[in-house]
Amino acid sequence: MFSPQIEWYCAQCESVPTDRRKYCADCDSMLTWTCTGSGKSGLYTNYYRHRDNCNYCTPELEEERQKKLEEKKVANQQHFQILDDSK
Ligand SMILES: [Zn+2]
Ligand SMILES: [Zn+2]
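According to our numbering, the stretch in the sequence shown is residues 20 to 106, in order.
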């Protein structure tokens, strides 16, 4: 069974929503998330940015992130090679 990686809760009234929503149904405060895999937490508005960069939340995107990282490395190396050539 797949265990949920993200826990949502209301920091204001400490209620736990049963469905994913932006605001608490009881007190209308913005909900807070905790990523159990990475131990990070934040407000609802930061969640999507976290999810896009978190290997625990979106393991299916990990390969893509690694590729981007490699591309960045290659770009840096090329940059340094250009500098070396100008010596
Ligand atoms: Zn609440
Ligand atoms: Zn995460």
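Where a beta carbon is used, it is the ideal one built from N, C-alpha and C, also for glycine.
If you're wondering where the values come from, they're calculated on a predicted model, not measured in any experiment.
Next on the checklist: According to DSSP, T51 sits in a beta bridge with which residue or residues?
Outcome noted: In DSSP, T51 forms a bridge with Y28, L62.
Checklist entry - How long is the line joining the alpha carbons of Q97 and L88, rounded to whole angstroms? => result Rounded to whole angstroms, Q97 to L88 spans 14 Å at the Cα level.
Checklist entry - Assuming D45 and S60 make a contact with CB atoms under 8 Å, what is their CB distance in whole Å? => result Not quite, the Cβ-Cβ distance comes to about 20 Å (not below 8 Å), so this is no contact.
Item to check | Beta-carbon spacing of E82, T55 below 8 Å | outcome: No, these two residues do not count as a Cβ contact at 8 Å.
Next on the checklist: Let me check one thing: in DSSP terms, what residues is Y42 bridge-paired to?
Outcome noted: Per the DSSP secondary-structure output, Y42 pairs in a beta bridge with M49.
Checklist entry - According to the Cβ coordinates, are R70 and T77 closer than 8 Å? => result Yes, these two residues count as a Cβ contact at 8 Å.
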